[in-house]
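In our numbering, the protein residues as written are 1 to 122.
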């Protein structure tokens, strides 16, 4: 009797696993890609230094948010030189390089936005 129950349980688990592996979501949204084939997340627009940007504003919503801080952390530690890591956006202290000081400034700007726009000399 115990062997029959174990066999029946194993067959049930096998059929359950097989039926779940065949199920696919009804809709799989396609993520946009940039020209080089990298997948863009919804908060990662195609930035360049000629666009109307605000330093430290990676998602171009014209305010500094925690999403911008996450993108800054990505630029500093995970993907330096990546598509989002343009010096004109990452460099908040105008030293011509991304650094942890830029992240500290961005975090400060999130909680205490400055009343001035950051402009670096060319």
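Each residue gets a CB set at the ideal place from its N, CA and C atoms; glycine is no exception.
Quantities reported herein were computed from a predicted structural model and do not represent experimental measurements.
Alpha-carbon to alpha-carbon, residue 110 and residue 99
Taking the chain shown and counting its residues from 1, the one referred to as residue 99 is at position 99. Taking the chain shown and counting its residues from 1, the one referred to as residue 110 is at position 110. C-alpha separation (whole angstroms): 17 Å.
With DSSP run on the structure shown, which of helix, strand or coil describes residue 4?
Taking the first residue of the chain shown as position 1, residue 4 is located at position 4. Helix, per DSSP.
Buried or exposed for residue 94, please, with buried defined as at least 16 other CB atoms from any protein chain shown within 10 angstroms of its CB.
For the purposes of this step, residue 94 is identified with residue 94 of the chain shown, where counting begins at 1. Answer is exposed; the Cβ neighbour count stays below 16.
Can the beta-carbon of residue 92 be found closer than 7 Å to that of residue 102?
Locating residue 92 in the chain shown gives position 92, where the first residue counts as 1. Locating residue 102 in the chain shown gives position 102, where the first residue counts as 1. In this structure, residue 102 lies closer than 7 Å to residue 92 by Cβ.
Separation of residue 105 from residue 60, as counted between CA atoms
On the chain shown, residue 60 is found 60 positions in, with the first residue counted as 1. On the chain shown, residue 105 is found 105 positions in, with the first residue counted as 1. Whole-angstrom Cα-Cα distance: 18 Å.
CB of residue 64 within 7 Å of CB of residue 56, strictly:
The sequence position of residue 64 within the chain shown is 64, counting from 1. The sequence position of residue 56 within the chain shown is 56, counting from 1. Yes.
Whether residue 58 touches residue 68 by CB criterion (7 Å):
As a first step, residue 58 must be located in the chain shown, where it is residue number 58. As a first step, residue 68 must be located in the chain shown, where it is residue number 68. Yes.
With DSSP collapsed to three states, give me the class of residue 67.
In the chain shown, residue 67 corresponds to position 67, counting from 1. Helix, per DSSP.
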